[in-house]
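Data first, discussion second: the structure below is written as C-alpha cells.
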Amino acid sequence: MTMGAPSIEPMTKESEILEQLKSAAPDAEALGLEIPPPVFQFMEGRIESYEPGKSLKASFPVKPEYNNPMHRMQGGMIAAAIDNTMGPLSLLITRGAAVTLSMNLDYVRGIPAGKRLHVTASVVSRSRTNLIMEAVASDDRGKMVARSTAQFQLFRMPTGK
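So the sequence shown is numbered by the numbering used here: it starts at 502 and just counts up by one.
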C-alpha cells in the first residue's frame, strides 16, 4: 500500500463551481463586480469542471455571428473564450483580482458554427504578484483549435467596507 497526498476530485457540477467563484470574491456585489462577467454570459459559456488549484474547463457555442469570412469562429472570439476561462481560474486560484498583462495565441485550425469550443486552462506558475497560465482550445472531437499562454498581474480584492 502506498501513501501519498490525498487526491482532490475535480468538481463537475456547474452550480457548485459558480458558488466557488462567488465565494472567492465575497464583496463582489457590493463593489459592483459581476461574477461570472457579462462577456462570459454573452458568449453563453458553460463551466464544465474545476480541479482545485490546477485547472478549469469551460465550453462555448460557436455561433454563426462569431464567424470570420471563411465561416469559422473568428480568432478574437477564440481569444475571448480562452480569456473567459483563464479569468475565472485566476479568481479561484488567488481569491483576488487579476488582470491580463499579456496573452500569446497560436491558432491551429478553424472551428465551424454549430460546434462547441472546449477550453482547458491550467496554472503554470504563481508568485505574489503574477500568475502564468496556459490554455488549450479544442473542438468536439478533441482536436486542438488554439493554444495560449498568458500572464496575469494579481491584486488584492478590494472590500466593500
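Here a beta-carbon is modelled for each residue, glycine too, at the ideal position from N, C-alpha and C.
On a predicted model such as this, the values are computed, not experimentally measured, just so you know.
For the set Lys644, Phe653, Val563 and Ser603, the Cα lying nearest the Cα of Val609 is the one of Lys644. Asp641 counts as exposed, since fewer than 16 other beta carbons sit within 10 angstroms of its beta carbon. Distance from the CA atom of Val624 to the CA atom of Ala614, rounded to whole angstroms, is 29 angstroms. Note that the segment 596 to 607 does not touch the segment 554 to 570; fewer than 3 beta-carbon pairs, one per stretch, sit closer than 8 angstroms. Per the C-alpha coordinates, the member of Pro589, Leu590 and Val563 positioned closest to Gly577 is Val563. The continuous beta strand (DSSP E) containing Ile548 extends over residues Arg547 to Glu552.
In this structure, Leu632 and Ile594 form a Cβ contact; the two beta carbons are roughly 7 angstroms apart against a cut-off of 8 angstroms.
Around the Cβ of Thr630, a 10 Å sphere holds fewer than 16 other Cβ atoms; the residue is exposed. The three-state reading of DSSP puts Val620 in strand, counting E and B together.
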